[in-house]
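Under the UniProt record's numbering, residues 1 to 364 are what the sequence shown spells out, in order. Ideal Cβ placement from N, Cα and C applies to all residues, glycine included.
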Amino acid sequence: MSFLNNIIDAQNEVTQQYVDFWDWFKKHAKTFFYVVKQRENIETDFFEKLSEQLNVFNESLYFVVGMPDEDTVELIFTADGIIKNIVFVEELVQAAPSIKGWIFTALKSATDTSKINIKMEGFDFNEENIGFYANEHPELPDEIDITIVYPDFDEDDRQMVVNGIYIFLDNVLGELNFACIIDQIDIVRKQEAEQEIVPISKLKSFLIWREKEFVEKYEGVRRNTDKDNYSMLQAKLENGNMLLAAINTDLLKWDRKASHPWIMNVEIKYDGSELNGMPDEDAFTLMEEIEENITTELKDSEGYLNIGRQTAEGARNIYFACKDFRKSSKVVDAIERLYADQAEISYEIYKDKYWQSFEHFVNA
Numbered sequence: 001m002s003f004l005n006n007i008i009d010a011q012n013e014v015t016q017q018y019v020d021f022w023d024w025f026k027k028h029a030k031t032f033f034y035v036v037k038q039r040e041n042i043e044t045d046f047f048e049k050l051s052e053q054l055n056v057f058n059e060s061l062y063f064v065v066g067m068p069d070e071d072t073v074e075l076i077f078t079a080d081g082i083i084k085n086i087v088f089v090e091e092l093v094q095a096a097p098s099i100k101g102w103i104f105t106a107l108k109s110a111t112d113t114s115k116i117n118i119k120m121e122g123f124d125f126n127e128e129n130i131g132f133y134a135n136e137h138p139e140l141p142d143e144i145d146i147t148i149v150y151p152d153f154d155e156d157d158r159q160m161v162v163n164g165i166y167i168f169l170d171n172v173l174g175e176l177n178f179a180c181i182i183d184q185i186d187i188v189r190k191q192e193a194e195q196e197i198v199p200i201s202k203l204k205s206f207l208i209w210r211e212k213e214f215v216e217k218y219e220g221v222r223r224n225t226d227k228d229n230y231s232m233l234q235a236k237l238e239n240g241n242m243l244l245a246a247i248n249t250d251l252l253k254w255d256r257k258a259s260h261p262w263i264m265n266v267e268i269k270y271d272g273s274e275l276n277g278m279p280d281e282d283a284f285t286l287m288e289e290i291e292e293n294i295t296t297e298l299k300d301s302e303g304y305l306n307i308g309r310q311t312a313e314g315a316r317n318i319y320f321a322c323k324d325f326r327k328s329s330k331v332v333d334a335i336e337r338l339y340a341d342q343a344e345i346s347y348e349i350y351k352d353k354y355w356q357s358f359e360h361f362v363n364a
């Protein structure tokens, strides 16, 4: 059986888990509806049972429940800001059956700012006391850098204020937009503001304009890396162990980096205790196979650029810059499942529009 078929089988396994989840949910839907409506023992009789079933296929999916009217329960599934899980939330809800009395929603939707008033530990977060301004960076023209302005608060309360602001923005923009559009956020006291403060009610329209401008600028941009040059880097760490890296230095000089703003870091663990942090031959061969299979599925012509890899301290990290995060999430999730008995694989996806997390390779 080809590796492509193996990938398809692994992805079909996830699809079947969605089916199994919804079959289970349908059997208990009436009971769950009653529990939510009565608000009795909701933690043990609904939340814990639902969490247990979700954890079967993804331990990082979360949910929020509410009743828009007396006859309807809305169950919102959320990735809670974890980019790599967004696609699985979307697919889970796409697979949902129609069940009387229930609405299933993927990711928290946007709410009008006038309807939001969040209270936390004595702090209020609403459109009356929150403003913003945008920071421009000539050297990073596509960076969306926002400063949020909030009334005076003690430094000891900063984390509480940050949490409140983030929850507020999550509601104002919706979970997907909040996770995907803004590149940098800073939070300052009103007296620390360095520009004219704009009402927070105008933030959504500002971001829509900036995102539209960005999409139009980079629509269809691709990069062929077949003829790129890779630099081999070697270093000795403070503990005496070795670090080896193979980095596409031609790609790091590309002037269209922002067209592929999503960085994926795939990490493969191995035992490097006997070889100064380096893998033995078997581990090396297995990691080469895994990396080759990932790059076979994630092609540069489709918007997935292999920046390179680093090997040190019992881990190989493989780096990609991606046009979109959905396919890359699904491919590496499938790889992780396929090799679960042979290697410890994990991955993260984050936004780094100008690939600043790789500057240390440029200056090496």
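Nearest neighbour of residue i, chosen from the options [CA to CA]
i      : options                        : result
Asn117 : Ala95, Glu155, Asp170, Ile82   : Asp170
Trp22  : Asn41, Leu50, Arg39            : Leu50
Asn363 : Leu233, Met242, Arg309         : Leu233
Glu155 : Arg256, Leu251, Arg189, Ile144 : Arg189
Ala95  : Ile268, Ala179, Ala245, Val19  : Val19
Gly105 : Glu121, Ala79, Thr311          : Reading off the sequence, residue 105 comes out as Thr, not Gly. If we check each option's Cα against that of Thr105, Ala79 comes out closest.
Gly216 : Ala340, Glu291, Asp142         : First, the amino acid is wrong: residue 216 is Glu here, not Gly. The shortest Cα separation from Glu216 among Ala340, Glu291, Asp142 belongs to Asp142.
Lys119 : Lys84, Phe168, Phe132          : Phe168
Phe132 : Gln195, Asp341, Ile99          : Gln195
Gln342 : Asp271, Val89, Glu43           : Asp271
Glu192 : Pro68, Phe153, Gly122          : Phe153
Ala134 : Ile197, Leu75, Arg39           : Ile197
Pro261 : Asn276, Lys323, Thr147         : Lys323
Lys26  : Val89, Asn58, Gly101           : Gly101
Residue i and residue j closer than 8 Å at C-beta
i      : j      : result
Glu297 : Val331 : yes
Ile294 : Ile335 : yes
Leu173 : Lys212 : no
Lys108 : Val149 : no
Lys353 : Ala258 : yes
Thr111 : Ile200 : no
Arg337 : Glu13  : yes
Phe320 : Ala245 : no
Val161 : Ile187 : yes
Ile318 : Glu291 : yes
Lys269 : Glu344 : yes
Ala10  : Gly81  : no
Where residue i falls, given that 16 or more other Cβ within 10 Å makes a residue buried
i      : result
Ser346 : exposed
Pro279 : buried
Trp209 : exposed
Asn224 : exposed
Asn306 : buried
Arg309 : buried
His137 : exposed
Val56  : exposed
Thr31  : exposed
Asn85  : buried
Pro97  : exposed
Straight-line Cα distance separating residue j from residue i
i      : j      : result
Leu286 : Met264 : 20 Å
Asn248 : Glu128 : 49 Å
Asp45  : Gln53  : 13 Å
Glu70  : Val36  : 11 Å
Arg326 : Val87  : 5 Å
Leu92  : Asp183 : 27 Å
Ile8   : Ser329 : 14 Å
Ile130 : Asn163 : 14 Å
Met1   : Lys236 : Bear in mind that the predicted position of Met1 carries a pLDDT of just 48, short of 50, making it unreliable; the figure below should be weighed with that in mind. Taking the straight line joining both Cα atoms gives about 42 Å.
Arg256 : Thr311 : 27 Å
Asp228 : Ser301 : 14 Å
Phe358 : Leu251 : 11 Å
Pro151 : Glu281 : 59 Å
Ile42  : Glu59  : 20 Å
Opposing strand residues paired with residue i [DSSP bridges]
i      : result
Pro141 : Note: Pro141 sits in no beta bridge, so no partner.
Ser346 : Glu267
Asn135 : Asp145
Val73  : Trp102
Met232 : Ala246
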